[in-house]
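Single-structure report; data block below.
Residue numbers (the working numbering): 26 to 429.
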């Protein structure tokens with residue numbers, strides 16, 4: 026009961042962060058498909074093992090999804106950290122550019138002020154001495170020495186040339202200051218943009234860090250859930266294996282019963298019985314005859330008949346004339362009825378219907394081909410309404426499809 030309770034709890038919904046939701050929806054469809062595919066083999070499993078199997082499949086799937094999500098989150102976090110370092114380098118470079126632009130602008134302003142002051146001093150000095158052009162005319166009128174006149178005129182030209190040169194430099198410095206001011210503005214804008222990018226990436230990194238923490242915690246929880254599911258499934262598996270051993274003994278008992286109460290012949294090997302029996306119900310075969318490997322736990326068992334997917338309550342017809350030699354309940358097979366059909370094709374023929382919801386005849390009754398002998402159910406080990414129909418030749422199970 027403890028194992029069943031654990032399996033039931035694990036089969037319930039597992040609380041996961043919202044980031045897992047979409048991924049787990051896909052995983053759910055996958056697990057549902059696995060369970061549907063396994064149902065035909067789980068028909069020979071107890072309800073406890075079926076519940077434990079489904080819980081284990083869901084725990085495995087959820088853990089796989091959580092691990093994948095954690096790996097993706099950690100990879101994204103690593104990328105965010107690398108980008109953070111790169112962005113810091115870009116920000117440092119932008120700040121360095123800003124500092125250089127500020128220094129260049131400051132220096133340009135100092136140079137501009139100095140050139141402006143120099144021009145101002147030169148202009149003041151020049152005009153204190155008078156208009157250079159008038160001074161040149163005065164020299165022509167008053168100077169007697171031509172050599173001296175030429176020298177004075179050249180000196181005046183030098184003063185004018187110096188003023189012009191300083192003015193041109195001042196104008197160039199003014200243009201350069203505008204360029205440097207724009208460079209400074211661009212540098213400030215770049216620094217601001219780099220800081221915004223870094224802040225956004227920092228928020229993303231903090232979010233991813235929290236998601237990675239939650240995902241890691243969820244993986245830890247799901248590992249524990251899987252371990253519990255595995256423990257419950259192992260306990261249920263061991264109980265089923267013990268029951269399967271009992272089924273082997275039950276099968277031997279039935280064979281002995283059939284051989285005792287029915288006619289048998291020394292014929293062995295394959296016998297073509299095509300057409301001897303009619304289908305007990307008109308329904309598709311959902312699981313064929315043969316040896317099975319349990320889809321989860323790997324043990325082998327004989328599926329000694331065919332499963333016919335009929336609805337509960339569907340009438341079951343006698344496959345041929347015969348006598349009911351037994352009708353009883355068994356843990357795995359549920360309600361079952363055994364009918365002896367006598368000798369056909371040189372062998373003793375018996376049929377068994379399992380998982381019945383009820384009987385229409387009782388032990389000792391003679392039945393005719395097509396007569397209702399019982400009703401489809403889901404008693405015993407069964408995952409849903411169906412008829413497990415067995416054909417025995419001289420007490421040994423054979424593939425029923427060879428006799429229809």
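Note that CB positions come from ideal geometry on N, CA and C, so glycine has one too. Predicted, not measured: the structure shown is a model, and the values here were computed from it.
Same chain only: Cβ atoms within 6 Å of residue i, ignoring 5 sequence neighbours per side
i, result
"residue 365", "287, 347, 348, 350, 375"
"residue 166", "Annotation note: pLDDT 47 at residue 166 (below 50); position unreliable, coordinate value reported separately. Around residue 166: no qualifying Cβ."
"residue 77", "32, 257, 258, 261"
"residue 344", "302, 303, 305, 376"
"residue 205", "129, 130, 133"
"residue 229", "105"
"residue 212", "122, 123, 126"
"residue 300", "none"
Contact check, residue i vs residue j, beta carbons under 8 Å
i, j, result
"residue 378", "residue 362", "yes"
"residue 306", "residue 416", "no"
"residue 88", "residue 244", "yes"
"residue 395", "residue 403", "no"
"residue 336", "residue 412", "no"
"residue 237", "residue 98", "yes"
"residue 418", "residue 341", "no"
"residue 407", "residue 359", "yes"
"residue 393", "residue 352", "no"
"residue 282", "residue 414", "no"
Residue range of the unbroken beta strand (DSSP E) whose run includes residue i
i, result
"residue 369", "359-369"
"residue 316", "315-318"
"residue 325", "325-328"
"residue 413", "412-418"
"residue 372", "372-381"
"residue 18", "Any property of residue 18 remains undetermined from this structure, which presents the chain solely from 26 to 429."
"residue 347", "347-355"
"residue 332", "331-333"
"residue 422", "421-423"
"residue 312", "310-312"
Supposed contact pair residue j and residue i - C-beta distance, whole angstroms, cut 8 Å
i, j, result
"residue 370", "residue 248", "Contact flag wrong, Cβ pair sits at about 58 Å."
"residue 226", "residue 105", "6 Å"
"residue 101", "residue 233", "5 Å"
"residue 357", "residue 268", "6 Å"
Chain-order list of residues whose beta-carbon lies under 7 Å from that of residue i (same chain, five-residue window excluded)
i, result
"residue 430", "With the chain covering only 26 through 429, there is no way to say anything about residue 430."
"residue 355", "275, 361, 405"
"residue 313", "331"
"residue 219", "112, 115, 116, 119"
"residue 315", "328"
"residue 201", "133"
Cβ shell of residue i (< 8 Å), same chain only, five flanking positions each side left out
i, result
"residue 195", "137, 140, 141, 144"
"residue 421", "280"
"residue 241", "95"
"residue 109", "223, 226, 227, 230"
"residue 310", "331, 332, 333, 334, 426"
The region 419-426 / the region 381-388 touching (three or more Cβ pairs under 8 Å): no
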